[in-house]
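Working notes, beginning with the structure itself.
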Amino acid sequence: MALPKRIIKETERLMAEPAPGIQAIPHDDNLRYFDVIISGPAQSPFEGGDFKLELFLPEEYPMAPPKVRFLTKIYHPNIDKLGRICLDILKDKWSPALQIRTVLLSIQALLSAPNPDDPLANDVAQHWKENEQDAIKTARQWTAQYAHA
Amino acid sequence: MGNSPAKHSPEHHGSSGSGASSSAPKLPQTVDLGNLVPSPDSVYKNTPQDWDHDVVGKLITEHRMAPFYVGLADFDENDYEAAAAVASSVRAKSGLTTTDSPSAGSPAASLSPSDAASEPRRIGAERTPSFSSQHPPPTLRAKRSQSMPSHLHRNQSGTQITPENLYRYALECPICFLYYPANINYSRCCDQPICTECFVQIKRSDATLEPASCPFCVETNFGIVYHAPGSAEYQMKLIQAHPEAFSSVSENNLASPVAAQLSASLPNESGLPSPSSDDGSGSLAVPPQPAPFKRRQSVSHQSALVVTSDDLRPNWLRKQQQLAAIRAANQRRNTLPINAHAAAVRRTRQLYLESDSRDLAGAASAAAALVEGMSQSHPGGGRHMFGGLPRAGRGSRAPRQVDVGSNYLEAMRNMGADLEELMMMEAIRRSLQAEANSEAADSAATASSSPPPATTPVATAARAEEPASTVQPPSAPSSSESVHVPPTS
Numbered sequence: 001m002a003l004p005k006r007i008i009k010e011t012e013r014l015m016a017e018p019a020p021g022i023q024a025i026p027h028d029d030n031l032r033y034f035d036v037i038i039s040g041p042a043q044s045p046f047e048g049g050d051f052k053l054e055l056f057l058p059e060e061y062p063m064a065p066p067k068v069r070f071l072t073k074i075y076h077p078n079i080d081k082l083g084r085i086c087l088d089i090l091k092d093k094w095s096p097a098l099q100i101r102t103v104l105l106s107i108q109a110l111l112s113a114p115n116p117d118d119p120l121a122n123d124v125a126q127h128w129k130e131n132e133q134d135a136i137k138t139a140r141q142w143t144a145q146y147a148h149a
Numbered sequence: 001m002g003n004s005p006a007k008h009s010p011e012h013h014g015s016s017g018s019g020a021s022s023s024a025p026k027l028p029q030t031v032d033l034g035n036l037v038p039s040p041d042s043v044y045k046n047t048p049q050d051w052d053h054d055v056v057g058k059l060i061t062e063h064r065m066a067p068f069y070v071g072l073a074d075f076d077e078n079d080y081e082a083a084a085a086v087a088s089s090v091r092a093k094s095g096l097t098t099t100d101s102p103s104a105g106s107p108a109a110s111l112s113p114s115d116a117a118s119e120p121r122r123i124g125a126e127r128t129p130s131f132s133s134q135h136p137p138p139t140l141r142a143k144r145s146q147s148m149p150s151h152l153h154r155n156q157s158g159t160q161i162t163p164e165n166l167y168r169y170a171l172e173c174p175i176c177f178l179y180y181p182a183n184i185n186y187s188r189c190c191d192q193p194i195c196t197e198c199f200v201q202i203k204r205s206d207a208t209l210e211p212a213s214c215p216f217c218v219e220t221n222f223g224i225v226y227h228a229p230g231s232a233e234y235q236m237k238l239i240q241a242h243p244e245a246f247s248s249v250s251e252n253n254l255a256s257p258v259a260a261q262l263s264a265s266l267p268n269e270s271g272l273p274s275p276s277s278d279d280g281s282g283s284l285a286v287p288p289q290p291a292p293f294k295r296r297q298s299v300s301h302q303s304a305l306v307v308t309s310d311d312l313r314p315n316w317l318r319k320q321q322q323l324a325a326i327r328a329a330n331q332r333r334n335t336l337p338i339n340a341h342a343a344a345v346r347r348t349r350q351l352y353l354e355s356d357s358r359d360l361a362g363a364a365s366a367a368a369a370l371v372e373g374m375s376q377s378h379p380g381g382g383r384h385m386f387g388g389l390p391r392a393g394r395g396s397r398a399p400r401q402v403d404v405g406s407n408y409l410e411a412m413r414n415m416g417a418d419l420e421e422l423m424m425m426e427a428i429r430r431s432l433q434a435e436a437n438s439e440a441a442d443s444a445a446t447a448s449s450s451p452p453p454a455t456t457p458v459a460t461a462a463r464a465e466e467p468a469s470t471v472q473p474p475s476a477p478s479s480s481e482s483v484h485v486p487p488t489s
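Line order of the protein sequences matches chains A and B. For the first sequence, position 134 matches number 134 in full-length UniProt numbering, and the numbering has no gaps at all. For the second sequence, position 356 matches number 356 in full-length UniProt numbering, and the numbering has no gaps at all.
Have a look at this one:
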């Protein structure tokens, strides 16, 4: 099936003007499937890490949100062991005016601002709430251990 | 959902739901060189078109929303005639009518006789909140043109559309990224362009049933306003977007109302909607081509000029009830657009065939549809979900001996259900039960509020063919030991 023009144009624009700290490259054999790398934001416990994600545009896109998942292990209260991300715009707050770029920027922002009150990984969230300094330390260790190429 | 915009859905529903309107000969095939239906090649050809085609056709004919045009992937503004040729060939290829009615150039030519006969409205009255007429604003173009400076009207080159210049000032829809003629819809709240194909796709969330929100600024009760070619607003937008092309107009005629408004709005360049984000995580996209001028005031979703997403689906209330029924049985799967219980049953069979029988989710959806069919055809309700299954058209089939002891299966067999169907239903029931069990914890909290089930499934089977006339309240999610139907009133 022909790829919708929107996906083609989004891809072209992503390649032409990549967002800082974000790389998204479609697979040759499936242009709806992207290999993504998000750099950990400065001043976050994820700084210095390169986090791999996969992004898939379902058939209904853009009326349905892209499916995004972390492939690199990450210690974050809104990201679970399987790399699933708790982010409203990936679920009920999705809007067809959002794009791959804005989704990835939002995920990058989530790394800067973990939200332990709306957790996906309960143990991590609890850690974050009970001893934030220690949780951040763990997050740094994980970043060093898993997110360095 | 108490604040349902009851604006004019009853009228639309009445006229579109009946068989009489299917013969509606009054609607032209094209309006302003566009169509009343999407091209078969449209971006959303693989998506369910669950909006009301009659309503949309009528709204387009009345110039309340833009017609369907061919969206162009590429566009060179210096060669808009080539663009028009491409669009025209796409239309021809897909079997859409390509010629407008001969008199389409005159302002009210494409309005239907009944509309033309109704009382003209003044523009000043367009925000009447209590609008309830069966005739949405008729002949707006005609009325507008009366108060329009003559130099802007009709003879103004470039503002009157022809097949050649249709795409002259084409705009890129920020959702599908295709180019459309300048007479595009604009969001009522933040004045962003949206093509008709994208607009009709936007609807209430199946999950929350909240009114659709604007994709650009997330204002609730999404709706659009539309200004047909030839209207003063349309020309204003053109002038604002392409000041260079219309410079003589805006320089020489500052005294005219339109130009005065225009010059007042030009200095402000901030046409962007401010992204409203929840707890910092949901930043919205900035449309790729923001309107380079001050945006107008938001228009109320109750304005007579606004077409909301709900307007395109006059049956959303019924759908809401169906979804409530489906959710009672399956709290997550709920995407079946079903119109009648007969369709539900047919659909269920089809669904079953499509889905692998081991696919619990598919089976659960099918079961949910069955429940839905039941709840419509079976006002008495019943805990045996299949007790009221309509048997239309099957005639009497000799009951077969089936070695299954369940009461409802017995009942089904007595009604003449066949083995294949019984087995299917049993499979559905089991899968549903498995799912229900896993969700038992979730629903335990609300279980106490679920009504006691009625107990006469077989006796009510004869009523299965009755039309569902009662409006059912959405049921509270019930703990599903077996399948529950929603309470009926």
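Ideal placement from N, C-alpha and C gives every residue a C-beta, glycine not left out.
Could you have a look at A42 (chain A) and say whether DSSP puts it in helix, strand or coil?
Coil, per DSSP.
Comparing alpha-carbon positions, which option in B:L166, B:A434, B:K319 and B:T47 lies nearest E77 (chain B)?
B:L166
Taking the alpha-carbon of S298 (chain B) as reference, which of B:H227, B:C190 and B:I194 has the nearest alpha-carbon?
B:C190
Scan the region 61-89 of chain A for residues whose Cβ lies nearer than 7 Å to a Cβ of chain B and list them as they occur along the chain.
P62, M63, L87, D88 and I89
Using the C-alpha atoms, what's the distance from Y75 (chain A) back to A139 (chain A)?
5 Å
Please work out which residues of its chain come closer than 7 Å, Cβ to Cβ, to T143 (chain A), disregarding the five sequence neighbours upstream and downstream, and give them in chain order.
G40, P45, F46, G48 and G49
CA-to-CA distance, I85 (chain A) to A113 (chain A), given in whole angstroms
13 Å
Nearest neighbour of A83 (chain B), chosen from B:V70, B:S94, B:A427 and B:A92 [CA to CA]
B:V70
Test item: CB-CB of E197 (chain B) and C214 (chain B) under 8 Å
no
May I have the straight-line CA-CA distance separating F104 (chain A) from I38 (chain A), to the nearest angstrom?
Sequence inspection shows Leu at residue 104 (chain A); the Phe mentioned does not correspond to that position. For L104 (chain A) and I38 (chain A), the distance between alpha carbons rounds to 8 Å.
Kindly list, in the order they appear in chain B, the residues whose Cβ is closer than 7 Å to that of P4 (chain A).
V43
Taking the C-alpha atoms as reference points, what is the distance between E60 (chain A) and K9 (chain A)?
17 Å
So, is the C-beta of K9 (chain A) closer than 8 Å to a C-beta in chain B?
yes
Determine whether the Cβ of D359 (chain B) lies closer than 8 Å to any Cβ atom of chain A.
Unreliable placement is indicated for D359 (chain B), whose pLDDT of 47 sits below 50; the coordinate value is still reported in the next sentence. No, D359 (chain B) lies away from the interface with chain A (no Cβ there is under 8 Å from its Cβ).
Shorter than 8 Å from the beta carbon of S44 (chain A) to some beta carbon of chain B?
Under the Cβ distance rule, S44 (chain A) does not count among the residues neighbouring chain B, no pair being separated by less than 8 Å.
Once you ignore the five residues that flank F246 (chain B) on each side, which residues in its own chain have a CB closer than 6 Å to its CB?
Excluding positions up to five away in sequence, the list reads I239.
Under the three-state DSSP convention, the category A147 (chain A) falls into
coil
Nearest neighbour of F34 (chain A), chosen from A:P62, A:K67 and A:E17 [CA to CA]:
A:K67
Can you name, in chain order, every residue of its own chain whose Cβ lies under 6 Å from the Cβ of P65 (chain A), other than the five neighbours on each side?
L90 and W94
Can a CB atom of chain B be found closer than 8 Å to the CB of S95 (chain A)?
Yes, S95 (chain A) lies at the interface with chain B (some Cβ there is under 8 Å from its Cβ).
At which residues does the alpha helix (DSSP H) containing N122 (chain A) begin and terminate?
N122 to E130
Could you tell me the alpha carbon to alpha carbon distance between A42 (chain A) and D80 (chain A), rounded to whole angstroms?
22 Å
Apply the 10 Å Cβ neighbour rule to R91 (chain B) and answer buried if 16 or more other Cβ atoms are within range, or exposed otherwise.
buried
Do you know whose CA, among A:L98, A:S106 and A:K137, lies nearest G21 (chain A)'s CA?
A:S106
Per DSSP, what kind of secondary structure is L166 (chain B) in: helix, strand or coil?
coil
Counting only C-beta atoms, is D279 (chain B) closer than 8 Å to chain A at any point?
With a pLDDT of only 40 at D279 (chain B), under 50, the local geometry of the prediction cannot be trusted, and the value read off the model is given with reservation. It does; some Cβ of chain A falls within 8 Å.
Tell me whether H216 (chain B) sits in a helix, a strand or coil according to DSSP, three-state version.
One point to set straight first is that residue 216 (chain B) is Phe, not His, in the sequence displayed. Coil at F216 (chain B), not helix or strand.
Am I right that P193 (chain B) and P174 (chain B) are in contact with their C-beta atoms under 8 Å? What's the rounded C-beta distance?
7 Å
Does G203 (chain B) come out as helix, strand or coil in the three-state DSSP assignment?
Sequence inspection shows Lys at residue 203 (chain B); the Gly mentioned does not correspond to that position. Reduced to three states, the DSSP call for K203 (chain B) is coil.
Min CB distance E59 (chain A) to chain B below 8 Å
yes
In whole angstroms, give me the CA-to-CA distance for S112 (chain B) and Q49 (chain B).
The predicted position of S112 (chain B) is uncertain, since its pLDDT is 37 and thus under 50; a value taken from the coordinates is nonetheless stated next. Approximately 25 Å between the Cα atoms of the pair.
Proximal residues of chain B, C-beta to C-beta of D92 (chain A) below 8 Å
S205, A207 and T208
R204 (chain B) and W51 (chain B) closer than 8 Å at C-beta:
no
Going by C-alpha distance, which of A:I100, A:D92, A:L111 and A:H127 is nearest V218 (chain B)?
A check of alpha carbon separations from V218 (chain B) across A:I100, A:D92, A:L111 and A:H127 identifies A:D92 as the nearest.
What number of angstroms, rounded off, separates the C-alpha of L14 (chain A) from the C-alpha of P26 (chain A)?
10 Å
Which chain A residues are close to V55 (chain B), counting only those with a beta carbon under 9 Å from its beta carbon?
Those within 9 Å of V55 (chain B) in chain A number zero; the least Cβ separation is about 20 Å.
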